[in-house]
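S.K.: Got a structure for you, written out below as structure tokens; questions coming shortly.
Residue numbers (this note's numbering): 76 to 327.
Below you can see the structure in the form of structure tokens.
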């Protein structure tokens with residue numbers, strides 16, 4: 076059996092209870108290199124073979140899984156955050172399907188959730204933004220033209236941008252071209268929930284400057300939108316005394 080496990084955003088105690096249990100039981104672990112906190116590997120049993128997938132190809136990863144399955148061993152494929160976001164898991168699962176190797180997926184806390192906790196931030200503030208767009212700039216992996224930064228910026232929703240810290244000048248240009256103003260609040264969060272986490276509040280127009288001044292060149296995400304810094308949101312109706320719910324009558 077192969078278990079795809081979300082390692083969480085960084086702090087070792089933010090892995091799920093189920094994910095930790097799989098690590099404790101695993102005979103083989105393939106983990107995502109520098110993106111996964113190595114302290115998580117301390118949860119493993121004494122006899123466990125560990126591979127760093129940063130040094131492996133897809134074919135090599137599958138070969139390890141296949142060999143473990145032939146030997147009746149349990150494998151954990153440990154991905155950063157939640158593996159459903161930029162985890163490259165579908166290509167692995169498709170090959171496992173072809174080979175008849177059973178697998179399942181254990182969700183994890185994504186780094187965009189860890190970044191919000193670092194900033195004590197709520198992405199979905201009433202009357203400010205009720206949607207979160209998770210996206211990235213194109214690099215070696217292309218982005219469909221219909222999902223351009225400019226087109227998303229037109230919605231003025233909260234935007235979380237992964238895998239783009241080295242392209243901040245271009246990101247800012249596209250955000251402004253799409254509809255955000257240069258003084259729209261923004262944030263950069265480096266290694267959310269890790270011991271060396273760093274966080275910076277800035278604006279769309281100062282993203283590149285902020286990263287350069289603080290020597291942030293990798294392992295960071297950007298948050299764009301008024302939800303980053305505002306006090307003009309509406310109070311939630313759920314806890315409004317004048318609002319009736321299934322469980323509570325309105326106070327008149």
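For every residue, glycine included, the Cβ atom is placed at its ideal position computed from N, Cα and C.
Would you mind working out which of 283, 79, 305, 324 sits nearest residue 295, comparing C-alpha positions?
M.R.: Here residue 295 is taken as the residue at index 220 of the chain shown, counted from 1. Checked all of 283, 79, 305, 324; the closest Cα to residue 295 is 283.
S.K.: Start and end of the beta strand (DSSP E) containing residue 105?
M.R.: Position 30 of the chain shown, counted from the start, is the residue given in the question as residue 105. Per DSSP, residue 105 belongs to the beta strand (DSSP E) from 103–106.
S.K.: Give me the Cα-Cα distance between residue 227 and residue 126, rounded to the nearest whole angstrom.
M.R.: Looking up residue 227 in the chain shown gives position 152. Looking up residue 126 in the chain shown gives position 51. Computed Cα separation, rounded: 38 angstroms.
S.K.: With residue 133 as the anchor, note down where its alpha helix (DSSP H) starts and where it stops.
M.R.: By 1-based counting over the chain shown, the position of residue 133 is 58. Its alpha helix (DSSP H) spans residues 133–145.
S.K.: Check whether the region 97–106 touches the region 169–177, counting contact only when three or more Cβ pairs, one atom from each stretch, lie closer than 8 angstroms.
M.R.: Output reads no: the region 169–177 does not touch the region 97–106.
S.K.: For residue 113, count neighbouring Cβ atoms within 10 angstroms of its own Cβ and tell me buried if that reaches 16, exposed if not.
M.R.: The count along the chain shown starts at 1 and reaches residue 113 at position 38. Label assigned to residue 113: exposed.
S.K.: Provide the residue(s) that pair with residue 296 in DSSP beta bridges, ordered along the chain.
M.R.: Taking the first residue of the chain shown as 1, we reach residue 296 at position 221. Answer is 264.
S.K.: Can you check whether the CB of residue 164 is closer than 8 angstroms to the CB of residue 140?
M.R.: Counting from 1 along the chain shown, the entry for residue 140 is found at position 65. Counting from 1 along the chain shown, the entry for residue 164 is found at position 89. No, the pair does not count as a contact, with Cβ atoms beyond the cut-off.
S.K.: From the DSSP output, which residues share a beta bridge with residue 276?
M.R.: Counted from its first residue, the chain shown places residue 276 at position 201. The partner list for residue 276 (beta bridge, DSSP) reads 262.
S.K.: Assign residue 83 to one of three DSSP states: helix, strand, or coil.
M.R.: Translated into positions along the chain shown, residue 83 becomes position 8. In this structure, residue 83 counts as strand in the three-state DSSP scheme.
S.K.: Are the region 214–221 and the region 244–260 touching, with three or more C-beta to C-beta distances below 8 angstroms?
M.R.: no
S.K.: Excluding sequence positions up to five away, which residues of its chain have a Cβ less than 6 angstroms from the Cβ of residue 184?
M.R.: As a working mapping, residue 184 is identified with position 109 in the chain shown. So the list reads 83, 84, 89, once near-sequence residues are dropped.
S.K.: Mapping DSSP to helix, strand and coil, what is residue 164?
M.R.: As a first step, residue 164 must be located in the chain shown, where it is residue number 89. Here residue 164 sits in coil by DSSP.
S.K.: Can you tell me whether residue 266 is buried or exposed, with buried defined as 16 or more other CB within 10 angstroms of its CB?
M.R.: As a first step, residue 266 must be located in the chain shown, where it is residue number 191. Flag for residue 266 reads buried.
S.K.: With contact counted as at least three CB pairs below 8 angstroms, one residue from each stretch, are the region 223–238 and the region 191–210 in contact?
M.R.: yes
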